[in-house]
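Residue numbers (my numbering): 14 to 170. Notes for the one structure printed next.
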DNA sequence: GCCAACGTTGGC
DNA sequence: GCCAACGTTGGC
């Protein structure tokens with residue numbers, strides 16, 4: 014798929030894991046409260062592939078893949094007073110925050126850990142590995158994406 | 001518009 | 001729990 018665009022999305026498995034996505038099959042991916050990350054969300058197109066990354070856990074790793082099934086729409090959580098993502102300052106007419114819909118694609122049998130990724134020269138320039146990277150959603154370059162897919166396919170074969 | 005203080009992310 | 005790296009806030 015030559016024109017597939019790739020992204021990486023971080024999630025804390027204690028909050029929402031790849032297993033949760035597998036169970037739900039599709040989910041509204043919201044709660045992003047950073048303008049840079051929001052802008053990335055808004056750039057995502059239907060059919061784009063997302064690598065799912067588990068952060069803030071025992072073994073931070075790329076654990077699977079999802080696909081975008083609905084492009085950016087107003088994140089419902091920003092208007093939900095019960096939600097920790099409620100934003101009283103977000104105007105109803107021009108909502109501040111966006112969400113996308115993701116569909117589960119696969120959970121890797123062999124996740125690719127952050128530790129291992131650091132040992133791979135091809136991935137050295139990947140955004141995930143740059144110091145100070147804190148964005149929860151960002152694009153993945155084609156060469157990095159192809160490497161990840163090849164690697165994880167081989168490892169799970 | 002500058003910048004210090006503060007808060008958050010996330011690996012270790 | 002520590003700490004580096006940023007983003008945000010708010011006084012001036």
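Virtual Cβ for every residue (Gly too), placed ideally from N, Cα, C. Given the structure is predicted, the values throughout are model-derived calculations rather than measurements.
Practice problem: Would you give the residue range spanned by the alpha helix (DSSP H) that residue 35 belongs to? | Solution: Residue 35 -> alpha helix (DSSP H) spans 31-37.
- [ ] For the alpha helix (DSSP H) containing residue 54, list its first residue and its last residue.
- [x] Segment 48-56, the alpha helix (DSSP H) holding residue 54.
- Straight-line Cα distance separating residue 29 from residue 37: Cα to Cα, the separation comes out at about 11 Å.
Next item on the list: Put residue 26 into one of helix, strand or coil per three-state DSSP.
Entry: Three-state result, residue 26: coil.
Count the other CB atoms within 10 Å of the CB of residue 73; is the residue buried (16 or more) or exposed (fewer)? Counting C-beta atoms within 10 angstroms of its own C-beta, residue 73 has 16 or more neighbours from the protein chains shown and is therefore classed as buried.
- Item | the stretch 130-140 touching the stretch 107-116, judged by at least three CB pairs closer than 8 Å | Between the stretch 130-140 and the stretch 107-116 there are fewer than three inter-stretch CB-CB distances shorter than 8 Å, so the stretches are not counted as touching.
I'd like the list of long-range same chain contacts for residue 88, defined as Cβ closer than 6 Å, with 5 residues on each side in sequence excluded.
Excluding sequence neighbours, residue 88 sits near 43, 110, 111 and 112.
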